[in-house]
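A quick write-up on the structure given underneath.
Residue numbers (the working numbering): 2 to 275.
This is how it looks when you write it as structure tokens:
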């Protein structure tokens, strides 16, 4: 039920958090990474997930009120206002100049554009399915490109970060449902944790498949030499710091959006609207 939270990854917070204000360099980096356009794509992913939740947990009875509530949760401006300060705080002592230098290159700009284009493309279920087939075919044949992608994943612990984020999101979702009194007899914290950890294996498998399928699609136009340069940057101190900052910010807001979803589901289960 909650596994796709690992694929949405980021999003919104209910209350502003007290973090340092973004510096000019961090804002420049965020623009180079095209984070705001990426959030627009993730909004579309979130709306799709909201429709799934409506079918699975409300029997499709959410109606316009549900759509309105989900639209507010995934509002890009609110996502941005939360994400950027967290991102800034995480990069306080990092070598942001080196990050900017890489993404100002033609290759860096191409990589960002390809990642955004692939994320948009995967909104199409037909393209997503084809990308997964291509990934499995490449993995079975031991493609040299797969070795580079594996190196990229391992350099920044991408699977582990995403699995951790998904588990945190799942726990937050249950917390929201409990707060919204969705259960006649609320589960204990130990029961919630047991349920969350029971999803770990499935989440890991789904995350691994989606992540590699996405990268196969996104980086297909790159030569092996170009992808190697990206891997080398990702392995650098600056590259690892950037990835850690992105995931810290993503995780913080994902927990909040998940709790908001759980709370909203609970209210609609009781015939209420937020």
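Quick reminder that beta carbons are idealized off the backbone N, C-alpha and C, glycines included. Please read all numbers here as calculations on a predicted model, not as lab measurements.
- Residue state for residue 76 is assigned as coil, using DSSP reduced to three classes.
- Contact check between the region 203-221 and the region 43-54: fewer than three CB pairs, one atom from each, fall below 8 Å, which does not count as touching.
- Boundaries of the alpha helix (DSSP H) harbouring residue 257: 238-270, taken from the DSSP string.
- With a cutoff of 7 Å on beta-carbon distance, residue 260 and residue 181 are scored as not near each other.
- Excluding residues up to 5 positions away in sequence, 55 lie with their Cβ nearer than 8 Å to the Cβ of residue 61 in the same chain.
- Under the three-state reduction of DSSP, residue 123 is assigned to coil, being neither helix nor strand.
- Scanning 256, 234 and 272 for the CA closest to the CA of residue 97 turns up 234.
- Following the DSSP letters along the chain, one finds residue 45 inside the alpha helix (DSSP H) bounded by residues 36-59.
- Taking residue 187 as the centre and dropping the five residues before and after it, the same chain places the C-beta of 179 closer than 7 Å to its C-beta, in chain order.
- If you check the CB distance, residue 119 and residue 218 come in under 7 Å.
- The DSSP-derived three-state label of residue 66 is helix.
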